[in-house]
Amino acid sequence: MTTDPSSRQPSDAPPPPISPQRGGRGALGVILAVVGGVVVLAGLIVGAILLIDADDDPIPTTAPTSSEASEPTPTPSTAETSGSGELLELLTAEADVIVASDGTAWLLEGGWVDASELSDQSQEAYSGTFTSEVGTVTLTALSFDGEDPAADYLAGVRADRGDPDYEGSVWEDGSGTRIDYAGAEDYDIFWYDEAAIVFQATGPEGSVEDFYGSLPF
1 MTTDPSSRQP SDAPPPPISP QRGGRGALGV ILAVVGGVVV LAGLIVGAIL LIDADDDPIP
61 TTAPTSSEAS EPTPTPSTAE TSGSGELLEL LTAEADVIVA SDGTAWLLEG GWVDASELSD
121 QSQEAYSGTF TSEVGTVTLT ALSFDGEDPA ADYLAGVRAD RGDPDYEGSV WEDGSGTRID
181 YAGAEDYDIF WYDEAAIVFQ ATGPEGSVED FYGSLPF
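Structure below.
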């Protein structure tokens, strides 16, 4: 049986093929290109701003730690002592730095301090503190008008402290007088010769002995 095509229901007819809209893909590409360009441009602007801000910031500096800090080099004292006289001239010229036989350098710190309260018979009296890597020693010097007043001062030390722990001469030729006293912490060496200057060195026993042996007077 033959069916008349005009009698077919519209719903039974196959739908016509859908043709793509002209220019759809091209428009999408243009849009994506524009968006990408905007993103790239925005990134460049942000990067430039951050770079400018970074240039404005100060470069941080790192402070050296205590372990990196170099140890200060000890130097002779530059402190000036008020006073004048032959004894002070001797001390400042000969005893600012004392170098022991083993190379230890004893450096005067703080200058020479007036010590006239030790004796009202002294013409000049000064005291100075020396430091080194092995300890601290104090040197005191009193000048007198002749050997007799110097001997009297040393006799007063004997009267106050009793018999010395050691007694001997100062120089190899047997001249001069030296007396030592050992204390609980420090060791004292007193000495004088015909120069009529009484010296006293005080410090740890081994250190003060080395210091004494390195003095030029």
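For the sequence shown, position 147 (counting from the first letter as 1) is numbered 147 according to the UniProt record's numbering, and the numbering increases by one without interruption. Glycine residues also receive a C-beta, built at the ideal position from the N, C-alpha and C atoms. Predicted model, so just to flag it, every value in this text is computed and none were measured.
For Ser116, collect the residues of the same chain with a Cβ closer than 6 Å to its Cβ; drop the 5 residues on either side in sequence, then sort them by chain order. Ala125
Here's the rule I'm using: 16 or more other beta-carbon atoms within 10 Å means buried, otherwise exposed. How should Ala93 be labelled? exposed
Pull up the distance between the alpha-carbon of Leu107 and that of Thr131, whole angstroms please. 5 Å
Ala95 to Ser175, Cα distance in whole Å? 22 Å
Completely contained alpha helix (DSSP H) runs for the stretch 115 to 141, where each covers 4 or more residues: none
Would you mind sorting Gly128 into buried or exposed? The rule is 16 or more other CB atoms within 10 Å of its CB. buried
Assuming Gly183 contacts Gly135 under a Cβ cut-off of 8 Å, what Cβ separation, rounded to an integer in Å, is found between them? Rounded, the Cβ-Cβ distance is 15 Å, inconsistent with contact.
With DSSP collapsed to three states, give me the class of Ser67. Confidence in Ser67 is poor, its pLDDT being 39 and thus under 50, which makes the residue's placement too unreliable to answer from.
Using only alpha-carbon positions, find the residue among Glu194, Tyr181, Ala201 and Tyr212 that is nearest to Gly146. Glu194
Taking just the CA atoms, how far does Thr177 sit from Ala150? 10 Å
Could you name the residues that DSSP lists as bridge partners for Trp112? Paired residue(s): none; Trp112 is not in a bridge.
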